[in-house]
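**Student:** Residue numbers (the working numbering): 108 to 198.
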């Protein structure tokens, strides 16, 4: 029997749609790093083909940051909501 606390680490990396120069995207990236969570960064700056890919995923919006968690099926677009979710789920 192990005395180790159960791990909140995700089985699969999270996916963050983001772009440089956006303060809200930076905040989410900092929280992901602070919580030491594995994530895949999808750079979706203005004019990027990934921006269109993001619109297809969301159904119209290309708003960044946008987080997808394949472990829970959650998808969130507002930085405050993303941070709350990360802390409540993985901290």
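Beta carbons: idealized from backbone N, C-alpha and C, even for Gly.
Cα separation between residue 197 and residue 153?
**Tutor:** What you label residue 197 is simply residue 90 of the chain shown in a count that begins at 1. What you label residue 153 is simply residue 46 of the chain shown in a count that begins at 1. Rounded to whole angstroms, residue 197 to residue 153 spans 30 Å at the Cα level.
**Student:** Classify residue 191 as helix, strand or coil using the three-state DSSP reduction.
**Tutor:** As a working note, residue 191 is residue 84 in the chain shown. Reduced to three states, the DSSP call for residue 191 is helix.
**Student:** So, using beta-carbon positions, are residue 135 and residue 172 closer together than 9 Å?
**Tutor:** Counting from one through the chain shown, the residue named residue 135 turns up at place 28. Counting from one through the chain shown, the residue named residue 172 turns up at place 65. Contact: yes.
**Student:** Are residue 174 and residue 123 touching if we call contact CB-CB under 9 Å?
**Tutor:** In the chain shown, residue 174 corresponds to position 67, counting from 1. In the chain shown, residue 123 corresponds to position 16, counting from 1. A contact, by the Cβ cut-off of 9 Å.
**Student:** Have a look at residue 192 and residue 127 and give me their C-alpha separation to the nearest angstrom.
**Tutor:** On the chain shown, position 85 is the one that residue 192 refers to. On the chain shown, position 20 is the one that residue 127 refers to. Each residue's alpha carbon lies about 22 Å from the other.
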